[in-house]
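Novice: Residue numbers (the numbering used here): 96 to 495.
Here a beta-carbon is modelled for each residue, glycine too, at the ideal position from N, C-alpha and C.
There's a structure below that I have some questions on.
What follows is the structure in structure tokens.
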């Protein structure tokens, strides 16, 4: 198998690159030239590791889910990113990027957010470092993720609504890019996923790689080998999946399962299943798979999960799926809701709606009783309680 790695131009195969306005060229080029060197600097790594340990609370546990394992007839381990400070994997990346921004002398930080977890994580590190923070969020997402909006404001961030298009994650990203074009000198854009122009997809994946780095030694301690038979993770842009896969990309013993949001159904017209509905194109600075019309207009995505409500996927994931290294599974809103409630009652863990899609995919997978499956539990579900409550009101809860 070909070694899976980004090339010097920022491509995984034919996916990736940097398609940017001239106004952003200096910023992106500065970041491209410096990020690998900075991340390899011992002082940078010392500060990054120290904050992950003492501020974020890493390592996150790798938990053997006994009741779920019995139900599915296999061995399920949950990588508990929901136990990180701020409640999701997003903080791993924002800690890394705020340290880069400091070293680049940037005083103003902008970000986009869908489910709000990246916005909260960005607001958190800006408060930690005393930097100005502006978070762009779709107007629809502001309404359905109100607890996270309140958290961002509590942390001192300004939350600016995106009112164009579907008023969700895609549109928040558009607004953040417009801001960056207008303020290129003093502003660093902390992109929350493995999307955008090079070097962002690679940079974010490297910061999130702590997930698989820990998984390797945790599995060795628990089962005597450092690899699972499969890793399951939800994919919108795909940062938690990139981190969970990173140290296993070239290990063909490990199945990589990418779970997308089917919304109301893949063929319903209300979906975000990019791998099935998308084609090659350019969105937010990179060539990848995206949902678009024949003349290249973006098709508005839909998912009950704000973090998966995106019309594209990161170029790494596009390459993994296109090359058959990763298997794509699509999960509907209803199946994700049912899975969230089932996990809550089986294990006493309320997953985020995004993660619930990964759990629901277990019903579509083949595995054996001796297999070891790691599910990346990317975030906690308190932000989604309104959706869960509405589902509980309409669907009587079945006994465990």
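Drop a sphere of 10 angstroms on the beta-carbon of residue 323, count the other beta-carbons inside from all chains shown, and report buried for 16 or more, exposed for fewer.
Specialist: For the purposes of this step, residue 323 is taken as residue 228 along the chain shown, with counting starting at 1. Burial call: buried.
Novice: Going along the chain, which residues of its own chain have a beta-carbon closer than 6 angstroms to the beta-carbon of residue 335, five neighbours each way excluded?
Specialist: As a first step, residue 335 must be located in the chain shown, where it is residue number 240. Excluding positions up to five away in sequence, the list reads 184, 328, 471 and 473.
Novice: Can you tell me whether residue 312 is buried or exposed? The criterion is at least 16 other CB atoms within 10 Å of its CB, across all chains shown.
Specialist: In the chain shown, the residue the question calls residue 312 occupies position 217. Answer is exposed; the Cβ neighbour count stays below 16.
Novice: Give the straight-line distance between the Cα atoms of residue 267 and residue 246, rounded to the nearest whole angstrom.
Specialist: Translated into positions along the chain shown, residue 267 becomes position 172. Translated into positions along the chain shown, residue 246 becomes position 151. Approximately 18 angstroms between the Cα atoms of the pair.
Novice: With contact counted as at least three CB pairs below 8 angstroms, one residue from each stretch, are the stretch 141-148 and the stretch 429-439 in contact?
Specialist: Because the criterion of three Cβ pairs below 8 angstroms is not met, the stretch 141-148 and the stretch 429-439 do not touch.
Novice: Are the beta-carbon atoms belonging to residue 291 and residue 381 less than 8 angstroms from one another?
Specialist: Counting from one through the chain shown, the residue named residue 291 turns up at place 196. Counting from one through the chain shown, the residue named residue 381 turns up at place 286. Contact: yes.
Novice: Cβ of residue 276 within 8 angstroms of Cβ of residue 253?
Specialist: Residue mapping note: residue 276 aligns to position 181 of the chain shown, counting from 1. Residue mapping note: residue 253 aligns to position 158 of the chain shown, counting from 1. No. Outside cutoff.
Novice: Do residue 368 and residue 416 come within 8 angstroms of each other at the CB atom, strictly closer than that value?
Specialist: As a first step, residue 416 must be located in the chain shown, where it is residue number 321. As a first step, residue 368 must be located in the chain shown, where it is residue number 273. Contact flag unset, no.
Novice: Kindly list the residues whose CB is nearer than 7 angstroms to the CB of residue 198, restricted to its own chain and excluding five residues on each side of it in sequence; keep chain order.
Specialist: Position 103 of the chain shown, counting from 1, holds the residue named residue 198. Cβ neighbours of residue 198 beyond the five flanking positions: 133.
Novice: By the three-class DSSP mapping on this structure, what secondary structure does residue 293 have?
Specialist: If you number the chain shown from 1, residue 293 lands on position 198. Residue 293 falls in the coil class under three-state DSSP.
Novice: Examine the Cβ distances between the stretch 404-411 and the stretch 374-389 and report whether three or more of them are shorter than 8 angstroms.
Specialist: Yes: at least three Cβ pairs fall under 8 angstroms.
Novice: Run through DSSP, which three-state label would residue 495 get?
Specialist: On the chain shown, position 400 is the one that residue 495 refers to. Residue confidence is low: residue 495 scores 45 on pLDDT, short of 50, so the model does not pin down where it sits. No coordinate-derived value is stated.
Novice: Assess, as a yes-or-no matter, whether the stretch 101-115 is touched by the stretch 255-263 under the definition of 3 or more beta carbon pairs within less than 8 angstroms.
Specialist: No contact exists between the stretch 255-263 and the stretch 101-115.
Novice: Using only the alpha-carbon positions, how far apart do residue 475 and residue 234 sit?
Specialist: Here residue 475 corresponds to residue number 380 of the chain shown, with the count starting at 1. Here residue 234 corresponds to residue number 139 of the chain shown, with the count starting at 1. When rounded, the distance between both Cα atoms is 22 angstroms.
Novice: Under the assumption that residue 202 contacts residue 281 (Cβ atoms under 8 angstroms), give the Cβ distance between them as a whole number of angstroms.
Specialist: Locating residue 202 in the chain shown gives position 107, where the first residue counts as 1. Locating residue 281 in the chain shown gives position 186, where the first residue counts as 1. Contact flag correct, Cβ pair sits at about 5 angstroms.
Novice: Could you tell me the alpha carbon to alpha carbon distance between residue 396 and residue 365, rounded to whole angstroms?
Specialist: The residue labelled residue 396 in the question sits at position 301 within the chain shown. The residue labelled residue 365 in the question sits at position 270 within the chain shown. Roughly 6 angstroms between the two C-alpha positions.
Novice: Start and end of the beta strand (DSSP E) containing residue 207?
Specialist: Residue 207 sits at position 112 when you count from the first residue of the chain shown. Unbroken beta strand (DSSP E) run through residue 207: 203-208.
Novice: Just reading off the alpha helix (DSSP H) that residue 193 is part of, what are its end residues?
Specialist: Counting from 1 along the chain shown, the entry for residue 193 is found at position 98. Segment 185-198, the alpha helix (DSSP H) holding residue 193.
Novice: Rounded to whole angstroms, what's the CA-CA distance from residue 242 to residue 205? Just pull it up for me.
Specialist: What you label residue 242 is simply residue 147 of the chain shown in a count that begins at 1. What you label residue 205 is simply residue 110 of the chain shown in a count that begins at 1. When rounded, the distance between both Cα atoms is 20 angstroms.
Novice: Evaluate residue 299 with the Cβ neighbour count: other Cβ atoms within 10 Å of its Cβ, from every protein chain shown; 16 or more gives buried, anything less gives exposed.
Specialist: As a first step, residue 299 is located in the chain shown; it is residue number 204 there, counting from the start. The residue in question, residue 299, is buried, as its Cβ has 16 or more Cβ neighbours within 10 Å.
Novice: Spatial neighbours of residue 372 within its chain, please: CB distance less than 8 angstroms, with the 5 preceding and 5 following residues excluded, ordered by chain position.
Specialist: As a working mapping, residue 372 is identified with position 277 in the chain shown. Result list for residue 372: 361, 366, 386 and 394, in chain order.
Novice: Per the contact definition of three or more C-beta pairs closer than 8 angstroms, is the stretch 443-459 in contact with the stretch 145-154?
Specialist: Counting Cβ pairs under 8 angstroms, fewer than three are found: no touch.
Novice: Can you look up residue 255 in the DSSP assignment and give me helix, strand or coil?
Specialist: Your numbering for residue 255 matches position 160 in the chain shown. Here residue 255 sits in strand by DSSP.
Novice: What do you get for residue 128, buried or exposed, if any count of 16 or more other CB atoms within 10 angstroms of its CB means buried?
Specialist: The sequence position of residue 128 within the chain shown is 33, counting from 1. It is exposed - the Cβ of residue 128 has fewer than 16 other Cβ atoms within 10 Å.
Novice: Can you check whether the CB of residue 449 is closer than 8 angstroms to the CB of residue 271?
Specialist: The sequence position of residue 271 within the chain shown is 176, counting from 1. The sequence position of residue 449 within the chain shown is 354, counting from 1. Their beta carbons are not under 8 angstroms apart, which means residue 271 does not touch residue 449 by this criterion.
Novice: If you draw a straight line from the alpha carbon of residue 136 to that of residue 232, how long is it in whole angstroms?
Specialist: On the chain shown, residue 136 is found 41 positions in, with the first residue counted as 1. On the chain shown, residue 232 is found 137 positions in, with the first residue counted as 1. Roughly 34 angstroms between the two C-alpha positions.
Novice: On the three-state DSSP scale, how would you describe residue 381?
Specialist: In the chain shown, the residue the question calls residue 381 occupies position 286. Note: residue 381 maps to strand in three-state DSSP.
Novice: How is the beta strand (DSSP E) around residue 327 delimited, first residue to last?
Specialist: Taking the first residue of the chain shown as position 1, residue 327 is located at position 232. Residue 327 -> beta strand (DSSP E) spans 325-329.
Novice: Thinking C-alpha only, which one of 264, 411 and 489 is nearest residue 401?
Specialist: The residue given as residue 401 occupies position 306 in the chain shown. The residue with the shortest Cα to Cα distance from residue 401 is 264.
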